[in-house]
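Taking it in order: structure first as structure tokens, then the write-up.
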């Protein structure tokens, strides 16, 4: 009888034990799951610190030896003197109309002279600039050698000096050509002044129609424009001659000083520009 009464108690104990055992097993399982999750999570990549590599300093450009001679000076002008267009004139059949036709022919011939003289000037300018540029290149090369010193009477420098002298003489020869051209332009300017005066006095002639005076006014304006261009040409040509003469005289002195330096192998007391 006592055994039967103790049976429910035992069942209770067994059930409690089972529950306790299940609880005990659940906790480690959760820990294991957490550990598994931690193990499965990818580990963060290690941060590798690299020392900053200093940027290489930019290479300094090579400095060429300074030449004492500056670039060729602008000794000549650059203006291109082109004559204006001459308008066509319809013959009126009057005496004044015939005079206008004659004046128009004179203007065309005058402008032909102007175009020719302008072409000569531009040609002389191109050649003079070329000779001056060649001279300055040779001068700069000799200055660079003499600045650091070389052998006295170096034959290479002597040859360069002779060539530089030849180039400079060509610049000097252009002065004579410019003077000759200036004389021609002066004559053209005188003819232009006479043509302008003749055009103005034609307004006073009797027997003209309105169309004559209209054409005469147009012609007078074109003569005026041509006179202005001729005057500008003559003025700029005169300036070209003066600047070229000064340039030529100064460079002859520089060549003389350079000749002495070549004989010594260096400049005595500093180089010349």
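In our numbering, the protein residues as written are 2 to 274. Built from N, CA and C at the ideal position, the CB exists for glycine as well. If you're wondering where the values come from, they're calculated on a predicted model, not measured in any experiment.
For residue i versus residue j, is the C-beta distance shorter than 8 Å?
| i | j | result |
| --- | --- | --- |
| residue 239 | residue 220 | no |
| residue 163 | residue 263 | no |
| residue 142 | residue 161 | yes |
| residue 1 | residue 93 | As displayed, the chain neither begins before 2 nor continues past 274, which places residue 1 out of reach and without an answer. |
| residue 229 | residue 194 | no |
| residue 179 | residue 125 | yes |
| residue 223 | residue 80 | no |
| residue 82 | residue 207 | no |
| residue 109 | residue 186 | no |
| residue 231 | residue 190 | yes |
| residue 77 | residue 245 | yes |
| residue 249 | residue 173 | yes |
| residue 209 | residue 95 | yes |
| residue 107 | residue 197 | no |
| residue 116 | residue 85 | no |
| residue 75 | residue 132 | no |
When we look at the beta-carbon of residue i and count the other beta-carbons within 10 Å, is it buried (16 or more) or exposed?
| i | result |
| --- | --- |
| residue 122 | buried |
| residue 119 | buried |
| residue 99 | exposed |
| residue 182 | buried |
| residue 215 | exposed |
| residue 112 | buried |
| residue 144 | buried |
| residue 88 | exposed |
| residue 129 | buried |
Mapping DSSP to helix, strand and coil, what is residue i?
| i | result |
| --- | --- |
| residue 189 | helix |
| residue 88 | coil |
| residue 158 | helix |
| residue 77 | coil |
| residue 208 | coil |
| residue 93 | coil |
| residue 202 | helix |
| residue 152 | coil |
How far does the alpha helix (DSSP H) with residue i in it reach, from first residue to last?
| i | result |
| --- | --- |
| residue 81 | Careful: residue 81 lies outside any alpha helix (DSSP H) and carries neither H nor E. |
| residue 143 | 96-149 |
| residue 227 | 211-265 |
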